[in-house]
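>
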Amino acid sequence: MVEAIFFVLAIFSILGGLGVLIFRQPIHCAISLLLTLLSLAGIYIILGAEFIAAAQIVIYAGGILIIFLFAIMFVSVEEAEKKKKWIPSWPSFILFGILLFLSLMFFIRSTIFEKAKGFSEVLSKYGGNTEAVSDTLYNYYLIPFEVVSLFLLVAMVGAILMGGWGVKK
Amino acid sequence: MIPQNWVLFLSLSLFTIGIIGVMIRKNLIILLLSLELILNSVNLNLILFSHHWGNTLGQVFSIFVMTIAAGEAAIGLGIIIAVYRTKVTMDADSINEMEG
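Here the protein sequences line up with chains A and B, keeping their order. Take the position in the first sequence, starting the count at 1, then add 296; the result is the number in my numbering. Take the position in the second sequence, starting the count at 1, then add 711; the result is the number in my numbering.
#1: Can you check which of these residues, 410/A, 365/A and 409/A, is closest to residue 330/A by C-alpha distance?
#2: Between residue 420/A and residue 380/A, what straight-line distance do the alpha-carbon atoms span, to the nearest angstrom?
#3: Distance, Cα to Cα, residue 373/A vs residue 321/A?
#4: By the DSSP assignment, the alpha helix (DSSP H) with residue 524/A in it spans what residues?
#5: Specify the secondary structure class of residue 425/A as computed by DSSP and reduced to three states.
#6: State buried or exposed for residue 407/A, treating a residue as buried only when at least 16 other CB atoms are found within 10 Å of its CB.
#7: Can you give me the C-alpha to C-alpha distance between residue 712/B and residue 297/A, rounded to a whole angstrom?
#8: Based on the DSSP output, what are the partners of residue 382/A in its beta bridges?
#9: Where do the N-terminal and C-terminal ends of the alpha helix (DSSP H) with residue 459/A fall, by residue?
#10: Return the CA-CA distance between residue 427/A and residue 369/A, expressed in angstroms with no decimal places.
#11: Going by the beta-carbon positions, is the gap between residue 443/A and residue 782/B smaller than 9 Å?
#12: At what residues does the alpha helix (DSSP H) containing residue 352/A begin and finish?
#13: Run through chain B and tell me which residues come within less than 8 Å of residue 499/A, C-beta to C-beta.
#14: Going straight from the alpha carbon of residue 416/A to that of residue 807/B, what length do you get?
#15: Straight-line CA distance for residue 436/A to residue 767/B?
#16: From 319/A, 336/A and 386/A, pick the residue whose C-alpha is nearest to that of residue 721/B; which is it?
#17: From which residue to which residue does the alpha helix (DSSP H) around residue 412/A run?
#18: For chain A, find out if any of its Cβ atoms is closer than 9 Å to the Cβ of residue 791/B; answer yes or no.
#19: Tell me whether residue 719/B is buried or exposed, calling it buried when 16 or more other Cβ atoms sit within 10 Å of its Cβ.
#20: What is the rounded straight-line gap between the Cα of residue 410/A and the Cα of residue 762/B?
#21: In terms of residue numbering, what span does the alpha helix (DSSP H) encompassing residue 783/B cover?
#22: Could you tell me the distance, in whole angstroms, from the CA atom of residue 784/B to the CA atom of residue 360/A?
#23: Quick one: Cα of residue 741/B to Cα of residue 802/B, how far?
#24: Please give the ranges of any alpha helix (DSSP H) in the stretch 297-350 of chain A, keeping only runs that are unbroken, at least 4 residues long and fully inside the region.
#25: Among 780/B, 787/B, 790/B and 788/B, which residue has its Cα nearest to the Cα of residue 747/B?
#26: Express the C-alpha separation of residue 737/B and residue 800/B in angstroms, rounding to a whole number.
#27: Step through the CB atoms of chain B and report whether any lies within less than 9 Å of the CB of residue 417/A.
#28: For the candidate residues 732/B, 794/B and 765/B, whose alpha-carbon lies nearest to that of residue 418/A?
#29: Output yes if chain A places a C-beta closer than 9 Å to the C-beta of residue 807/B; else output no.
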């Protein structure tokens, strides 16, 4: 049962990724990426990461994709219709991608994994996925957490600076 | 439970699609969308091995990756809007002031 759900979600996420590659209009690519993000949230739930699945939906689908849609709003639709969507030498890059896929697939196939341990131990200790994640985050990774908050401040200032770049006073 | 190899194949497929998208697409916004695809495949790998070892450390790292992705999207789109304002194009090939 879980395998069937995983297969459906995996096929949807790969189809969404291919849509980013082949659609012409940026808005269609963004909606196609939304399909990938939501299917990946389902796969996170299968893998026992409920908090990350919720964060994926809230941050990616609700935040980042909306920023992308705002940026797409500024762009003209006709330009994407007129111009070619791929660079002229695209077959060589697709060949490179297929070679990368095959070579890495060789290593994945040759690896034999033991049975996954799962979260039963952690869940019996903490009582929930979110509790376990927050315990690890705030007890052992507090300084990286603070550094990331500083990064967000820098990103905010940079985005405001870049947004006003080249505006005639 | 699902075998780890399947999830690794899915992650590898998304990574390859993202790499190809970054290399062959001309539109700057779709370049950033492909970058998000690559970051998502990394997140999937982290969560798979978090489940494999029964340790929540991978999920903590994927939270950090999400934060970096959000900052990167904000700054990257700011740069793209600034480029669009001066060049009035979204074509990555037509931005060649540096003669690279």
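Ideal Cβ positions, reconstructed from N, Cα and C, are used throughout, including at glycine. Here the structure is a predicted model, which means the values were calculated and not measured.
Reading off the structure:
#1: Stepping through the first sequence from its first residue, residue 330/A is reached at position 34. If we check each option's Cα against that of residue 330/A, 365/A comes out closest.
#2: The sequence position of residue 420/A within the first sequence is 124, counting from 1. The sequence position of residue 380/A within the first sequence is 84, counting from 1. Distance between the alpha carbons of residue 420/A and residue 380/A is about 56 Å.
#3: By 1-based counting over the first sequence, the position of residue 373/A is 77. By 1-based counting over the first sequence, the position of residue 321/A is 25. Within the model, the alpha-carbon separation for residue 373/A versus residue 321/A is close to 7 Å.
#4: There is no way to answer for residue 524/A, as the model of chain A reaches only from 297 to 465.
#5: For the purposes of this step, residue 425/A is taken as the residue at position 129 of the first sequence. Of the three classes helix, strand and coil, the one that applies to residue 425/A here is helix, per DSSP.
#6: Counting from 1 along the first sequence, the entry for residue 407/A is found at position 111. Residue 407/A comes out exposed.
#7: By 1-based counting over the second sequence, the position of residue 712/B is 1. By 1-based counting over the first sequence, the position of residue 297/A is 1. When rounded, the distance between both Cα atoms is 10 Å.
#8: If you number the first sequence from 1, residue 382/A lands on position 86. Note: residue 382/A sits in a beta bridge opposite 736/B.
#9: Working through the first sequence from its first residue, we reach residue 459/A at position 163. Its alpha helix (DSSP H) spans residues 438-459.
#10: Taking the first sequence and counting its residues from 1, one reaches residue 427/A at position 131. Taking the first sequence and counting its residues from 1, one reaches residue 369/A at position 73. Cα to Cα, residue 427/A sits roughly 39 Å from residue 369/A.
#11: The residue labelled residue 443/A in the question sits at position 147 within the first sequence. The residue labelled residue 782/B in the question sits at position 71 within the second sequence. One thing to note: residue 443/A has its Cβ no nearer than 9 Å to the Cβ of residue 782/B.
#12: For the purposes of this step, residue 352/A is taken as residue 56 along the first sequence, with counting starting at 1. From DSSP, residue 352/A is part of no alpha helix (DSSP H); its letter is neither H nor E.
#13: Within the shown structure, residues of chain A are numbered from 297 to 465, placing residue 499/A beyond reach of any answer.
#14: Within the first sequence, the letter at position 120 stands for residue 416/A. Within the second sequence, the letter at position 96 stands for residue 807/B. If you take the alpha carbons of residue 416/A and residue 807/B, they lie about 55 Å apart.
#15: To locate residue 436/A, count along the first sequence from 1; it is residue 140. To locate residue 767/B, count along the second sequence from 1; it is residue 56. Rounded to whole angstroms, residue 436/A to residue 767/B spans 11 Å at the Cα level.
#16: For the purposes of this step, residue 721/B is taken as residue 10 along the second sequence, with counting starting at 1. The residue with the shortest Cα to Cα distance from residue 721/B is 336/A.
#17: Along the first sequence, read from residue 1 onward, the residue named residue 412/A stands at position 116. Where residue 412/A is concerned, there is no enclosing alpha helix (DSSP H), given that its DSSP letter is neither H nor E.
#18: The residue you call residue 791/B lines up with position 80 of the second sequence. It does: the Cβ of residue 791/B has a partner Cβ on chain A nearer than 9 Å.
#19: As a first step, residue 719/B is located in the second sequence; it is residue number 8 there, counting from the start. Answer is buried; the Cβ neighbour count reaches 16.
#20: Indexing the first sequence from 1 puts residue 410/A at position 114. Indexing the second sequence from 1 puts residue 762/B at position 51. Using only the alpha carbons, I get a separation of about 12 Å.
#21: In the second sequence, counting from the first residue as 1, residue 783/B sits at position 72. Taken as a continuous stretch (DSSP letters only), the alpha helix (DSSP H) holding residue 783/B covers 768-798.
#22: One-based indexing of the second sequence puts residue 784/B at position 73. One-based indexing of the first sequence puts residue 360/A at position 64. Cα-Cα distance, rounded: 7 Å.
#23: Residue numbering aside, residue 741/B sits at position 30 when the second sequence is read from its first letter. Residue numbering aside, residue 802/B sits at position 91 when the second sequence is read from its first letter. Rounded to whole angstroms, the gap between the alpha carbons of residue 741/B and residue 802/B is 11 Å.
#24: Within the stretch 297-350 of chain A, the complete alpha helix (DSSP H) runs of at least 4 residues are 298-318 and 322-342.
#25: The residue labelled residue 747/B in the question sits at position 36 within the second sequence. Nearest C-alpha to residue 747/B: 780/B.
#26: Taking the first residue of the second sequence as 1, we reach residue 800/B at position 89. Taking the first residue of the second sequence as 1, we reach residue 737/B at position 26. Computed Cα separation, rounded: 11 Å.
#27: Here residue 417/A corresponds to residue number 121 of the first sequence, with the count starting at 1. By the rule that beta-carbons nearer than 9 Å mark a contact, residue 417/A touches chain B.
#28: Numbered from 1 along the first sequence, position 122 holds the residue referred to as residue 418/A. Per the Cα distances, 765/B.
#29: The count along the second sequence starts at 1 and reaches residue 807/B at position 96. Not an interface residue.
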